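A.B. asks: Per the numbering used here, the sequence shown starts with residue 2, numbered consecutively. Using N, Cα and C, we set each Cβ at its ideal position, and we do this for glycine too. This structure is a prediction, so every number in the text was calculated from the model and none was measured. The structure under discussion is supplied below as structure tokens; questions concerning it will follow.
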Amino acid sequence: MSKATTKDHIGVTGAGIVGVSTAIRLQRAGYTVTLIDKEGPAAGASYGNGGVLASCASIPVTVPGVIKKAPKLLFSKDGPLFLKYRYLPKLLPWLTKYLSYANTSDLHRIAAAIHGVVGDSLTEHQQLAKGTIAEKWIKPCDYLYMYEDRAAFEEDKIAWDLRESFGIEWTELKDKALGDYDPIFSGKFKYAANLKGHGRINDPGRYINDLATHFVDHGGKIEKSEITGFEIDNGKVQWLETNSGKLSFDQIAICTGAWSGPLAKALGVKVPLESERGYHVELWEPNMMPRATYMDAGGKYVITPMDGRIRLAGIVEFGGLKLEPSKKPFDLLLRNVKKTMPDLTWKHTETWMGHRPAPADSIPVIGRSPKAQNAWFAFGHQHIGLTSGPKTGRILSQMIDGSKSNLDLAQYSPMRFNPD
Ligand SMILES: Cc1cc2nc3c(=O)[nH]c(=O)nc-3n(C[C@H](O)[C@H](O)[C@H](O)COP(=O)(O)OP(=O)(O)OC[C@H]3O[C@@H](n4cnc5c(N)ncnc54)[C@H](O)[C@@H]3O)c2cc1C
Numbered sequence: 002m003s004k005a006t007t008k009d010h011i012g013v014t015g016a017g018i019v020g021v022s023t024a025i026r027l028q029r030a031g032y033t034v035t036l037i038d039k040e041g042p043a044a045g046a047s048y049g050n051g052g053v054l055a056s057c058a059s060i061p062v063t064v065p066g067v068i069k070k071a072p073k074l075l076f077s078k079d080g081p082l083f084l085k086y087r088y089l090p091k092l093l094p095w096l097t098k099y100l101s102y103a104n105t106s107d108l109h110r111i112a113a114a115i116h117g118v119v120g121d122s123l124t125e126h127q128q129l130a131k132g133t134i135a136e137k138w139i140k141p142c143d144y145l146y147m148y149e150d151r152a153a154f155e156e157d158k159i160a161w162d163l164r165e166s167f168g169i170e171w172t173e174l175k176d177k178a179l180g181d182y183d184p185i186f187s188g189k190f191k192y193a194a195n196l197k198g199h200g201r202i203n204d205p206g207r208y209i210n211d212l213a214t215h216f217v218d219h220g221g222k223i224e225k226s227e228i229t230g231f232e233i234d235n236g237k238v239q240w241l242e243t244n245s246g247k248l249s250f251d252q253i254a255i256c257t258g259a260w261s262g263p264l265a266k267a268l269g270v271k272v273p274l275e276s277e278r279g280y281h282v283e284l285w286e287p288n289m290m291p292r293a294t295y296m297d298a299g300g301k302y303v304i305t306p307m308d309g310r311i312r313l314a315g316i317v318e319f320g321g322l323k324l325e326p327s328k329k330p331f332d333l334l335l336r337n338v339k340k341t342m343p344d345l346t347w348k349h350t351e352t353w354m355g356h357r358p359a360p361a362d363s364i365p366v367i368g369r370s371p372k373a374q375n376a377w378f379a380f381g382h383q384h385i386g387l388t389s390g391p392k393t394g395r396i397l398s399q400m401i402d403g404s405k406s407n408l409d410l411a412q413y414s415p416m417r418f419n420p421d
């Protein structure tokens, strides 16, 4: 296996938080780096996410019992799960595999792997952005999970027990104490877990664009092209095929989020990857701002104060990469906000839908191609990509550079779905 030298020119495909973080880390390690994106920086999920640096978010959706709860989440009027029914036949093989992980031993294994990339998120972001124009968008803050009552919190006990085992700490806020903490909520939530040491990004799109500007200011290049395939010879990618001609690099990294499946397959890796479509609604120029970042645990969406607006982001919809956004998730987010923050008013509303890259086992894919020794992957960060992007960039740049990591990297192996 050839080890990259400091002279190598590395092409990083995908300029979301994962690709931009990887590009900066490689640049700091002495490589010449070109970022390639079909649209430009922060065009995918990294633009419209909830902005939460959720170090506590190591628990996958597939907890034991999720199959029993799914019909209520899908069919009840205010359920946060949606499905484009015509997409169901395509979804079924992935869904079957996904649900097969909803057992206790897989939960513990998966949560430990995710914790490895989310646990120190705020510090990782601060280190990545330190001294750059992007630094201003990082805001350390509390992160509160809000429940209708203590009983609802207890229903999530399995998740909170796991968080505790990872050293995540929180304090309880009950009844009136929550209204005292943040008067924007009047009454709906009677119980909250307040997690310290968290953070948020005050505008994820502008943050990533500022990181990309920093990358260019330090000699990086950004190329607007869509990668369509690879020419592989002698166990190496010789050419990247794009919609605007061929590109050649010494090494390449695939960081194309939810669009990574076919590219990975062409490089010898079969990852069952789906889009978990998510939605946001922004309430611009509100008459009041939340004090911290909140997860409405029942509604499964976050409430994040951002520059000039409040962003409500969440919902899971299965419908693939091509079908149009649905209207119902936007209506649901707006109905929820009227219930939880009844005194809130705002000037105008903006909406967005994007694609969370979700491997069936919820563990990000980080590692080398079995087919081309100069090709690498970092994708599949499902609900936690903003949180874990900088750590992933560090891990992948260390792998390419041949340096050691304290983490057990086998758990992120791209080969874990390939039959022997
Ligand atoms: C509603 C919602 C809320 C979320 N909230 C949070 C949150 O609060 N905290 C958190 O940590 N995470 C959150 N997430 C998840 C997070 O946004 C994603 O995990 C993360 O953005 C994925 O980053 P990425 O760089 O892998 O992919 P993306 O940001 O999707 O970037 C992929 C890039 O690849 C490019 N691309 C794709 N195919 C090609 C090709 N063939 N050639 C060239 N370029 C290509 C795309 O244009 C895109 O720019 C949320 C997601 C959603 C949808």
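Can you give the Cα-Cα distance for Val338 and Val317, rounded to whole angstroms?
C.D. replies: Their backbone Cα atoms lie some 17 Å apart in a straight line.
A.B. asks: What is the rounded straight-line gap between the Cα of Asn419 and the Cα of Thr352?
C.D. replies: The straight-line gap from Cα to Cα measures roughly 38 Å.
A.B. asks: Where does the unbroken alpha helix (DSSP H) through Met400 begin, and where does it stop?
C.D. replies: Start and end: 386-402.
A.B. asks: Taking only three categories from DSSP, how would you classify Lys85?
C.D. replies: Correct three-state label for Lys85: coil.
A.B. asks: Count the CB pairs spanning the segment 153-166 and the segment 207-224 that are closer than 8 Å, and state whether there are at least three.
C.D. replies: No, because fewer than three Cβ pairs between the segment 153-166 and the segment 207-224 fall closer than 8 Å, the two stretches do not touch.
A.B. asks: Just to confirm, is the Cβ distance from Tyr144 to His199 under 8 Å?
C.D. replies: A contact, by the Cβ cut-off of 8 Å.
A.B. asks: Spell out the partners DSSP gives Lys140 in its beta bridges.
C.D. replies: Answer by DSSP bridge pairing, in chain order: Arg201.
A.B. asks: Kindly indicate the opening and closing residues of the beta strand (DSSP E) around Ser276.
C.D. replies: Counting along the chain, the beta strand (DSSP E) containing Ser276 begins and ends at 274-285.
A.B. asks: Let me check you understand the geometry: is the CB of Leu264 closer than 7 Å to at least one non-hydrogen atom of ligand 1?
C.D. replies: The answer is yes for Leu264.
A.B. asks: Could you name the residues that DSSP lists as bridge partners for Leu313?
C.D. replies: Beta-bridge pairing links Leu313 to Val282, Ile304.
A.B. asks: Pop quiz: Ser56 and Ser122 are said to be a contact at Cβ under 8 Å. What is the actual Cβ separation, rounded to whole angstroms?
C.D. replies: Confirmed, Cβ separation roughly 5 Å.
A.B. asks: Output the boundary residues of the alpha helix (DSSP H) element that contains Gln383.
C.D. replies: Note, Gln383: premise wrong, no alpha helix (DSSP H); not H, not E.
A.B. asks: Is the beta carbon of Val53 within less than 7 Å of some heavy atom of ligand 1?
C.D. replies: At least one heavy atom of ligand 1 is nearer than 7 Å to the Cβ of Val53, so yes.
A.B. asks: Quick one: what's got a C-beta closer than 6 Å to Ser363's C-beta in the same chain, skipping five residues either side?
C.D. replies: For Ser363, where only same-chain residues beyond five positions count, the Cβ hits under 6 Å are Pro61, Ile111, Gln383.
A.B. asks: Check each candidate in Phe319, Gly394, Gly52, Leu410 and name the one with the smallest Cα separation from Leu89.
C.D. replies: Considering only alpha carbons, the answer is Phe319.
A.B. asks: Quick check: what's the CA-CA separation for Asp402 versus Ala379?
C.D. replies: Their Cα atoms are separated by approximately 15 Å.
A.B. asks: Counting along the chain, where does the alpha helix (DSSP H) carrying Trp353 start and finish?
C.D. replies: Per DSSP, Trp353 belongs to no alpha helix (DSSP H); it is in the beta strand (DSSP E), 349-360.
A.B. asks: Relative to the C-alpha of Gly246, which candidate in Gly230, Cys256, Thr257 has its C-alpha closest?
C.D. replies: Comparing Cα positions, the closest option is Gly230.
A.B. asks: Following a CB-centred definition, is Pro358 positioned closer than 7 Å to any heavy atom of ligand 1?
C.D. replies: Pro358: yes, Cβ under 7 Å from ligand 1.
A.B. asks: Let me check understanding here. Comparing Cα to Cα, which of Phe331, Glu165, Arg164, Ala298 lies closest to Ile281?
C.D. replies: Looking at the sequence shown, residue 281 is not Ile but His. It is Phe331 whose Cα lies nearest to the Cα of His281.
A.B. asks: Of all the options Ile209, Ala373, Gln239, Thr33, which has the alpha carbon lying nearest to the alpha carbon of Val270?
C.D. replies: Minimum Cα distance to Val270 is reached at Ala373.
A.B. asks: Can Tyr280 be considered in contact with ligand 3, in the sense that its beta carbon sits closer than 7 Å to one or more heavy atoms?
C.D. replies: As far as ligands go, the structure on display features ligand 1 and does not contain ligand 3.
A.B. asks: Which first and last residues belong to the beta strand (DSSP E) in which His10 is found?
C.D. replies: Residues 10-14.
A.B. asks: Given a cut-off of 8 Å on the beta-carbon distance, is the pair Leu174 and Asn195 in contact?
C.D. replies: A contact, by the Cβ cut-off of 8 Å.
A.B. asks: So is Ala267 buried or exposed if we call it buried at 16+ other beta carbons inside 10 Å?
C.D. replies: By the 10 Å Cβ count, Ala267 comes out buried.
A.B. asks: Looking at Glu40 and ligand 1, is the gap between the Cβ and the nearest heavy atom below 7 Å?
C.D. replies: Yes, Cβ of Glu40 sits closer than 7 Å to a heavy atom of ligand 1.
A.B. asks: According to DSSP, is Ile209 part of a helix, a strand, or is it coil?
C.D. replies: The answer is helix: DSSP assigns Ile209 an H, G or I state.
A.B. asks: Check whether the Cβ atoms of Leu74 and Gly80 sit closer than 8 Å, and answer yes or no.
C.D. replies: Cβ atoms of Leu74 and Gly80: closer than 8 Å.
A.B. asks: What are the partner residues of Phe319, as DSSP defines its beta bridges?
C.D. replies: Answer is Leu84.
A.B. asks: Taking buried to mean at least 16 other C-beta atoms within 10 Å of its own C-beta, is Met307 buried or exposed?
C.D. replies: That one is buried.
A.B. asks: When the Cβ atoms of the segment 23-34 are set against those of the segment 204-218, are three or more pairs found closer than 8 Å?
C.D. replies: Contact between the segment 23-34 and the segment 204-218 is present, because at least three Cβ pairs lie under 8 Å.
A.B. asks: Using only alpha-carbon positions, find the residue among Thr35, Ala16, Val19, Gly20 that is nearest to Phe250.
C.D. replies: Nearest of Thr35, Ala16, Val19, Gly20 to Phe250, Cα basis: Thr35.
A.B. asks: Examine the Cβ distances between the segment 273-293 and the segment 339-349 and report whether three or more of them are shorter than 8 Å.
C.D. replies: Yes, the segment 273-293 touches the segment 339-349.
A.B. asks: Enumerate in chain order the residues of its own chain whose CB-to-CB distance from Glu283 is below 6 Å, with the five nearest sequence positions on each side excluded.
C.D. replies: The answer, listed in chain order, is Arg310, Arg312, Glu351.
A.B. asks: Using the DSSP secondary-structure output, state which residues sit across from Ala243 in a beta bridge.
C.D. replies: The question names Ala, but residue 243 in the sequence shown is Thr. Answer by DSSP bridge pairing, in chain order: Ile228, Gly246.
A.B. asks: For Glu125, verify whether its CB is less than 7 Å away from any heavy atom of ligand 1.
C.D. replies: Checking the Cβ of Glu125 against ligand 1 gives no.
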